[in-house]
Amino acid sequence: MMRSLRREARGGGRETEAFGFSPEARGSRLVAREFLERISLLGVALSLALAAPLHAAEIKPHRFVTPNGLTVLVVEQHALPIVQIQALVKTGSVQDPPEKAGLANLTAGLLDEGTTTRNATQLAEQIEFVGGALEAKATHDFTTASTRVLAKDTELGFELLADVLLYPSFPEPELERVKKLILGEIIAQKDDPGAVAGKAFSQLVFNGHPYSWPVNGTEDTLLAISRADVQAFHAREYLPNRTIVAVVGDVTVEQVRAQIDKHFGSWQKGPEPARTAAAPAAIDKPVVKLIDKELTQTTLVLGHVGISRTNPDFYAVTVMNYILGAGGFSSRLMDSIRDKQGLAYGVMSQFEPRAAAGPFLVSLQTRNATAPRALAGVLKELNGMKAAPVSAKELSEAKSYLMGSFPMRFDTTHKLAEVLCQVEFYGLGLDYFTQYPTWIAKVNADDVLRVAKHYLHPDRYALVAVGKMSEAKLKE
Amino acid sequence: MQSGLVRSLTTFIISILWLLSGSPSAFANVQEHQLANGMKVLLVESPKAPVVTVQIWYKVGSRNEIMGRAGLSHMLEHMMFKGTPKYPKGSFSRLIKKNGGNDNAFTSQDFTAYFENLAAGKVELALELEADRLRGLLLDDKEFQLEREVVKEERRLRSEDDPQSYLAEALFAQAFQMHPYHWPIIGWFPDLNAMTRADLKRHYDTYYVPNNATLIVVGDIKAAKLLPVIKRFFEPIPRKPLPPQQAVAEPEQKGERRIVVKRDAQLPAVMVGYRAPNFSSDDAYALTLLESILSHGKSSRLYRSLVYEQKLALVVGAEYSLLQTDPELLYCFAVAAPGQTTEQVERAIYAEIQKLQQEPPSDLELQRAKNQVEADYVFGQDSNFRQAMLFGQAETTGAGWRQAEQFVNKLRDVKAGDVTRVARKYLIEDGRTVGILIPTPANQTAAEAK
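Quick mapping for you: the protein sequence lines, in order, are chains D and P.
Per my numbering, numbering of the first sequence is gapless, rising by one per residue and ending at 474.
Per my numbering, numbering of the second sequence is gapless, rising by one per residue and ending at 451.
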């Protein structure tokens, strides 16, 4: 929904958030009191509800698997004549060869740049003429491609999505052009202190693990990728038996069956690609990286390896993290660092659960001179979570928020289709939509203290600071 | 990372929704009421899910500020969360959150708005809290001193340390020399430093009055049942005289203005702003489609030319919103691809504008722009929040929600020749302000250093 309304002409699937000319980024048309946070689907980051949730109990997905192994999930919603078709392919930047980091992202970025029957211009013109959207992007663990259309264009939505997933032709000129765009984006990201800090942080925390490299690669690794690499990656990784398709909106299960059969039926099943499931190793002492840039603020990112999405402690960690720093103005970090000390505009903590253990991090921006004070404040709150149980009030408020706001996480067709794909990907079970509140309800103060002690490590963390280091006076 | 999140704020001001709102179904169940104290109430029954959005919009933004106090409206917005005698500091958001809701606020040039999204059964809580802070704000001086520091951090984050935002700020300051669109919503540092509690109190007492507010509730409500509740909370608040809303008119621009920003940045960028009318001109519809033809999607002209064919730019775009209280800008922007110069990029933007001035868009292209606008409207209906945003923006900028049906019809009536005509009328050299961002070489290399 958000993307469709962006007014920038932008390439689908690439991380153009590196560029800041949107009206709000330029700060001239609207300034909000608090960051309206990126929707984190199954994660624990607080998501601001922009739309009406449906009854949680009403989400009863219909699921079937086709003969060629494609898993399909359907939720019929007939209130509006719109259809969202979302595919998740179980491959991402973790499958990049280290020397060719960025391969999964480049492959995804090229899907809509030409197929065996349509060139890049035709693909763009066909979807845009009907006011629809076609997008593809890779993340660490999976790749998504989607179309969004009015119900009258449902067939086109299936046809184009199948075309880009099954028959991309990866034309050499488009490959060279898109590579240059991504290279430019990597350069432009250096103007974003958060992106600079995030990349350095991932390197420190996931040293040696595939999570250490950026999804979009680096200047060196991107240049090493050839057309043959992309073709081979696509042939090996894009398989119906490794793909989930979720369809949400004004469409019936029967229609979906027919469309899937027609457009995805010829997709050939393939052997499951080999997977090495190495868990990220924990760091054993504080490591610090200071990056000097001519800035008025220092961006601090502090954290370490967190949890995977399938960790049974996920729900207790969610509650604990809400109280620590994901609960906006109800969180301890916001209360201490912003409200009591005025040190930062935004401060938050997040566990980003992935297929393997993803990062835990606290991030904030403060003027250079107050960086040491803000850092001390963060460590104090981390230690505080481990030292004593949370209060009954904190616990009940966190739980009532998480349970009460849960339906807002899938309150648009787009969000619901994404959540469906991930529920299937992580194997959470289709009763997820009814069970989530009960899983949260079960968390008690002992659980919160236990997971704080187990998953927070204020004694062995990675810290990245990006700012004017002569003023910030942090120690390496 | 949070700085990336700034960009995701794009969810907000989505002027296009306004244009799309012509479908009669969107307005079928809007109920408008005027309370005895002059407050306007818009209620929309949308029972598809058991939730509501409550929004209260005040006609006050940076447009209502005076030189030397830029950022006062936004600072006051922050202070609105700092407590009343009944609900002390911190309790507002805490109460909403523990009831499973989200709340926030935003300030623009023309308005300040507050919202709560929550379960339908909790609508009274939001109404009570909003009524309470419309009247009894504490404005504690110690809290203000702290919050000033928070807002200064926000300014550093949004503007000082973001080269493109910094350029945009500089461009607006050039394009508007007398009108208050001259200064940024968040304010300049000296103004933030000079601000006092007395300034905030005066601003609050002047503009936070019921006859300057529009309350909008969209969701699973029964309007007939809710209205008495709204009256109970808000009608006891007395009306007050308001100052004139007229802002200084910006005189006609006589010649191109240029602003060059040299600073630490990776890539050069170009921004070209043209003075453009707001909703009060019929030309606004053709300009809206013109902007779409220029920048909407990979098949748009700027993308085709600058990114795809000539490979001059990494990112291009254009912005135009007709929902402004006073005429503002239609602007184009581009981030140069590595190795390309701003001169080339700027020329390429003008070449596309010139084409639009010389030759009407094809029927297919115009139809695509209209289809995109109409489809976006349908997609936007997914959300109570967006509908309420649209009404709030329309009301506070003076367009009024009732005119909406006309807008989409007028949009449909736009002919290819109209696009050419408005391109010739508004996208003119003497009326443009050009902003150029030039990365400073010394810092560029410093940034590369490990």
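For every residue, glycine included, the Cβ atom is placed at its ideal position computed from N, Cα and C.
These numbers come from a predicted model, not from an experiment.
Residue-level contact check: D:PHE262 does not touch chain P, since none of the beta carbons of chain P fall below 9 Å from its beta carbon. Secondary-structure assignment with DSSP links D:SER306 through a beta bridge to D:ARG352. Residues of the same chain with a CB within less than 6 Å of the CB of P:HIS297, apart from the 5 flanking positions on each side, are GLN373 in chain order.
Of the other Cβ atoms in all chains shown, 16 or more fall within 10 Å of the Cβ of P:GLN341; this residue is therefore buried.
For P:PRO211, no Cβ of chain D is located within less than 9 Å of the residue's own Cβ. Judged by their CB atoms, D:VAL70 and D:ALA460 are not nearer to each other than the 9 Å cut-off. Straight across, the Cα-Cα distance linking P:TYR351 with P:GLU430 is about 9 Å. Along the region 64 to 77 of chain P, going in chain order, the ones with a CB nearer than 8 Å to a CB of chain D are HIS75. For P:ARG198, no CB of chain D lies under 9 Å from its own CB, so it is not counted at the interface with that chain. Contact annotation: D:ASN366 and D:GLN257 have beta-carbon atoms that are not nearer than 9 Å. Residue-level contact check: P:PHE82 touches chain D, since one or more beta carbons of chain D fall below 9 Å from its beta carbon.
DSSP places D:VAL441 in the coil class of the three-state scheme, outside both helix and strand. About 7 Å separates the beta carbon of P:PRO339 from that of P:LEU268, a gap short enough to meet the 8 Å contact definition. Setting aside the 5 residues that flank it on each side, P:GLY72 is surrounded in the same chain by ILE187, GLY188, ASP192 and LEU193, each with a C-beta closer than 6 Å to its C-beta; the list follows chain order.
Restricting attention to D:ASN117, D:MET318, D:ILE438 and D:LYS413, the CA atom closest to the CA of D:GLU170 is found in D:ASN117.
The alpha helix (DSSP H) runs lying completely inside the region 160 to 196 of chain D and spanning 4 residues or more are 170 to 186, given in chain order. The C-beta of D:SER468 has fewer than 16 other C-beta atoms within 10 Å across all chains shown, which makes the residue exposed.
Across the structure, D:ARG458 and D:THR216 are spaced so that their CA atoms are roughly 27 Å apart. Taking a C-beta cut-off of 7 Å against chain D, the contacting residues of the region 153 to 172 of chain P are GLU154, GLU155, ARG157, LEU158, ARG159, SER160, GLU161, ASP162, ASP163, PRO164, GLN165, SER166, ALA169 and GLU170, listed in chain order. Counting only the Cα atoms, P:ALA335 lies some 12 Å from P:GLU320.
At a beta-carbon threshold of 7 Å, the residues of chain P lying near D:LEU293 are ASP162, ordered along the chain.
In the DSSP assignment, D:VAL317 falls within the alpha helix (DSSP H) that extends over 312 to 319. In this structure P:GLN56 is in contact with P:ALA114, their Cβ atoms being roughly 6 Å apart against a cut-off of 8 Å. Closest in alpha carbon position to D:PRO95, among D:ILE80, D:THR219, D:GLN120 and D:VAL81, is D:THR219. For P:VAL249, the three-state secondary structure derived from DSSP is coil. Going by DSSP, P:VAL55 is part of the beta strand (DSSP E) stretching over 52 to 59.
Identification of residues in the region 265 to 289 of chain P having a C-beta nearer than 9 Å to some C-beta of chain D yields ASP265, ALA266, GLN267, LEU268, ALA270 and MET272, given in sequence order.
With respect to the C-alpha of D:SER200, the residue from D:ALA280, D:PRO269 and D:ALA149 having the closest C-alpha is D:ALA280. By the Cβ criterion, the region 322 to 337 of chain P is in contact with the region 276 to 296 of chain P, since at least three pairs of Cβ atoms, one from each stretch, lie closer than 8 Å. Listed along the chain, the chain P residues whose CB falls inside 8 Å of the CB of D:ILE185 are GLN267, LEU268 and PRO339. Shortest Cα-Cα distance from D:ASN103 to any of D:LYS177, D:VAL72, D:GLU157 and D:VAL245 involves D:LYS177.
Taking 9 Å as the threshold, the shortest C-beta distance from D:ALA342 to chain P falls below it.
What D:VAL128 touches in chain P, judged by beta-carbon distance under 8 Å, is ASN372 and ALA376, going in chain order. Rounded to the nearest whole angstrom, the CA to CA distance from P:ALA225 to P:GLU46 is 10 Å.
In terms of CA proximity to D:ASN66, D:LEU237 leads the group D:VAL72, D:LEU237 and D:HIS60. Contact with chain P is found for D:ALA122, since one of that chain's Cβ atoms lies less than 9 Å from the residue's Cβ.
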